[in-house]
Amino acid sequence: MANQDLKELAGREYKYGFKSDIEADQVPRGLSEDTVRLISAKKNEPAFMLDWRLKAYKHWLGRTEPTWAAVHYPKIDYQNVIYYSAPKAKKKLNSLDEVDPEIRATFDKLGIPLEEQKMLSNVAVDAVFDSVSVATTFRKTLAEAGVIFCSFSDAVKEHPELIEKYLGSVVPYTDNFFATLNSAVFSDGSFCYIPKGVKCPMELSTYFRINAKDTGQFERTLIVADEGAQVSYLEGCTAPMRDENQLHAAVVELVAHDDASIKYSTIQNWYPGDKNGKGGIYNFVTKRGKCAGKRSKISWTQVETGSAITWKYPSCILLGDESVGEFYSVALANHYQQADTGTKMIHIGKNTKSTIISKGISAGHGQNTYRGQVKIAKSAQGARNYSQCDSLLLGDKCGAHTFPYIEVGNTSATLEHEASTSKIGEDQLFYLRQRGLSAEDAVGMIVNGFCKQVFNELPLEFAVEAHKLMNISLEGSVG
Amino acid sequence: MLKITNLHAKVGEKAILKGLSLTVKAGEVHAIMGPNGSGKSTLSYILAGRPGYTVTDGTAEYEGKDLLAMEPEIRAREGVFLAFQYPVEIPGVSNKYFLKAAYNSVRKHRGEPEMDAGAFLKFIKEKAKSVEMDPAFLNRSVNEGFSGGEKKRNEVLQLAVLEPKLALLDETDSGLDIDALKVVAEGVNRMRDPKRAFVVVTHYQRLLDYIVPDHVHVLSGGRIIKSGGKELALELEKRGYGWIEDKVAA
């Protein structure tokens, strides 16, 4: 690629980088058994929760941080992190109108109005600010349909039996270093339960915002779709621009029973750090769905444009016969961002099917790695997988890497794997510029075209958002 | 409209154009013919501003402005259009989306309001009809999976949509069967206008049976060695390029 066209990446704008001045209730820095007890106490949790947290904490002490991912960062001092930070609430909220005006202003600025009457689209929002959920909209409307959608804290209090049954059932507290840490200290998140035969009447979404300095965000999302239930869930994330790196270690568990389907879409736009690689979020996330029932379906769609480091493998355990797992991903690594992301499709049930479409874009000094595993267990008679991993390079200082792991234990399985790596073509750029498009618009058009297969999977408003986000994230990527 | 004077240019380290001069007036159609490697395509790329092609000497004025100083997209917005010999595929970008973006960037440059999606769709369907293109092509990704003829037809569609002042056709006839050639030539002929000029680069006389030029130039060794009327093309068809080159060398 001629570098007069694709020069060093400069001033990309991160428009969500503002900070809000809100008094916070925080626990002291560092992690100990006392911290875990304190978090649990602050949330008035039942004994089973505290026990679970303590087991996780003890397990965590014996574990070491994984090093197999193709990401590099200075050692994280886990004793220098603040594990719980909540905006100081003056009293218990009875309605959305009582949300702290400053917090409400923050979400307004982010384009997430919390007033239900202002919401144009048919989307219910759970807003998580630092460690706690501050508001959940449309709870009543959803309750009429039998759908439970609330903060994790509320769910622990109001539906302890569901939490006790499903918490850790897909990602056990022993799963991995970051998931174990999350299990010990997670502070809030969203819970969603769709009862038998119910098609959730609206899109559900959680909007995560990190605000306080030096805090880690450890949230947990649990979605259960009972027999024949259907739900589409969206999550979005942003954080202020800060020079220090901040830790985000979330866990998402999905459970789909017989004939249920869960569609989970993410637009991850945590602060990526500046153009020299200073600051940004460390995004170490464990997401996994269990297709427990027959003919169940779990579909992950992610657009990962933010974070200094992304370590994330939304996966599907295809336990039920004829269950379906899907993974559609766009990951962008610009400047000094590092993304190591992909999926695991574990086929256990008969005639299970999975599809993986991964699009990696690298620009500047960005490093983008696809890491994926397709495992066909002995029991998975007639399993099928189709994988497609495409990488697009902008410039010559970035990198794209692909690590597909395939393990087949049943000879009746059908697997297809396609991979491609291309540089954004000088001929494509020139062609578009010759038709009057600026170099920047031309790059945006080519990249959005490259991502189309994945964007098509997003709910409409999210697709528009993703399109815009991609253009903003690429700003300054051409000379 | 276009005045090229003593143009020298190289690709990488290789000198291709060595003192080319050419004047094109509005309303005229000029054919540039010449053997392979004579610099025909280089000339179109230089005029359109393709990166990697360096002008070492000479000038090119377009409507009194220094064409060579403009970015490629500015040239396009000012009305310079290059129909590519090998149109490029842009996967995932629909033809109509691309055309709308291109069309509106030109309108914006002219200070005209952008056309909205509905009006544009109507406009583009008419244009597609005029070049006998199936409207289904408007929804397909730009040139992806198009046959050679379909790609060329798509170029002519873009020409019809963007309505440039100066159209450069680079070997538009290559890879076309006779029927496709006719359609493409008709599309071009419909665009002939007293305010518009064409520079048709071609290796063969065949295209000029359909797009009849006012002037024919023979390009060889990076310079125009002979100019004449349309009859020159017929003579070249009969006698090849050798006799002129010999004459110039002598």
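Protein chains in written order, with our numbering: chain F, 29 to 507; chain V, -13 to 236. The beta-carbon is built from N, C-alpha and C at its ideal position, and this holds for glycine as well. Owing to the predicted nature of the structure, the values given are computational and were not obtained by experimental measurement.
Counting along the chain, where does the alpha helix (DSSP H) carrying residue i start and finish?
i	result
residue 460 of chain F	454 to 462
residue 92 of chain V	81 to 95
residue 34 of chain V	26 to 34
residue 88 of chain F	75 to 89
residue 495 of chain F	488 to 501
residue 274 of chain F	Per DSSP, residue 274 of chain F belongs to no alpha helix (DSSP H); it is in the beta strand (DSSP E), 273 to 276.
residue 69 of chain F	61 to 70
residue 451 of chain F	Not the alpha helix (DSSP H): residue 451 of chain F falls in the beta strand (DSSP E), residues 442 to 451.
residue 191 of chain F	188 to 194
With a cut-off of 8 Å, does the C-beta of residue i fall near any C-beta of chain V?
i	result
residue 424 of chain F	no
residue 118 of chain F	In this prediction, residue 118 of chain F scores a pLDDT of 49, lower than 50, which makes its location untrustworthy; the coordinate-derived value is nonetheless stated afterwards. So no, residue 118 of chain F is outside the interface.
residue 498 of chain F	no
residue 494 of chain F	no
residue 77 of chain F	no
residue 477 of chain F	yes
Count the other CB atoms, across all protein chains shown, that sit within 10 Å of the CB of residue i; report buried if there are 16 or more and exposed otherwise.
i	result
residue 360 of chain F	buried
residue 224 of chain V	exposed
residue 279 of chain V	Since the displayed chain V opens at -13 and closes at 236, residue 279 of chain V lies outside it and no answer follows.
residue 338 of chain F	buried
residue 100 of chain F	exposed
residue 46 of chain F	exposed
residue 328 of chain F	buried
residue 107 of chain F	exposed
residue 311 of chain F	buried
residue 372 of chain F	buried
residue 88 of chain F	buried
residue 413 of chain F	buried
residue 231 of chain F	buried
residue 287 of chain F	buried
residue 118 of chain F	Residue confidence is low: residue 118 of chain F scores 49 on pLDDT, short of 50, so the model does not pin down where it sits. Its coordinate-derived value is still stated next. Exposed, because fewer than 16 other Cβ atoms sit within 10 Å of the Cβ of residue 118 of chain F.
residue 79 of chain F	exposed
Return no unless some Cβ of chain F is closer than 8 Å to the Cβ of residue i.
i	result
residue 71 of chain V	no
residue 182 of chain V	no
residue 68 of chain V	yes
residue 74 of chain V	yes
residue 30 of chain V	no
residue 63 of chain V	yes
residue 127 of chain V	yes
residue 34 of chain V	yes
Mind pulling the chain V residues with CB within less than 7 Å of residue i?
i	result
residue 480 of chain F	78
Name the chain V residues whose beta carbon is nearer than 8 Å to that of residue i?
i	result
residue 454 of chain F	37 and 38
residue 466 of chain F	59 and 91
residue 254 of chain F	Residues of chain V passing the Cβ test: none, with the nearest at roughly 37 Å.
residue 385 of chain F	The contacting residues do not exist; residue 385 of chain F stays about 12 Å from chain V at best.
Cβ closer than 8 Å: which chain F residues qualify as neighbours of residue i?
i	result
residue 58 of chain V	458, 461 and 462
residue 213 of chain V	Chain F residues near residue 213 of chain V: none, gap ~27 Å exceeds 8 Å.
residue -5 of chain V	Those within 8 Å of residue -5 of chain V in chain F number zero; the least Cβ separation is about 16 Å.
Are the Cβ atoms of residue i and residue j separated by less than 8 Å?
i	j	result
residue 363 of chain F	residue 392 of chain F	yes
residue 254 of chain F	residue 227 of chain F	no
residue 54 of chain V	residue 25 of chain V	no
residue 13 of chain V	residue 137 of chain V	no
residue 278 of chain F	residue 379 of chain F	no
residue 154 of chain V	residue 7 of chain V	no
residue 316 of chain F	residue 343 of chain F	yes
residue 44 of chain F	residue 438 of chain F	no
residue 179 of chain F	residue 164 of chain F	yes
residue 63 of chain V	residue 472 of chain F	no
residue 289 of chain F	residue 233 of chain F	no
residue 167 of chain V	residue 179 of chain V	no
residue 443 of chain F	residue 452 of chain F	no
For the beta strand (DSSP E) holding residue i, just list the boundary residues, first then last.
i	result
residue 0 of chain V	0 to 10
residue 264 of chain V	One cannot answer for residue 264 of chain V here, as it falls past the ends of chain V, which runs -13 to 236.
residue 41 of chain V	39 to 48
Check the Cβ of residue i against every Cβ in chain F and list those closer than 9 Å, keeping chain order.
i	result
residue 27 of chain V	Chain F residues near residue 27 of chain V: none, gap ~13 Å exceeds 9 Å.
residue 144 of chain V	463
Mind listing the chain V neighbours of residue i? Cutoff is C-beta to C-beta under 9 Å, in chain order.
i	result
residue 474 of chain F	76, 77, 78 and 79
residue 469 of chain F	59, 87 and 91
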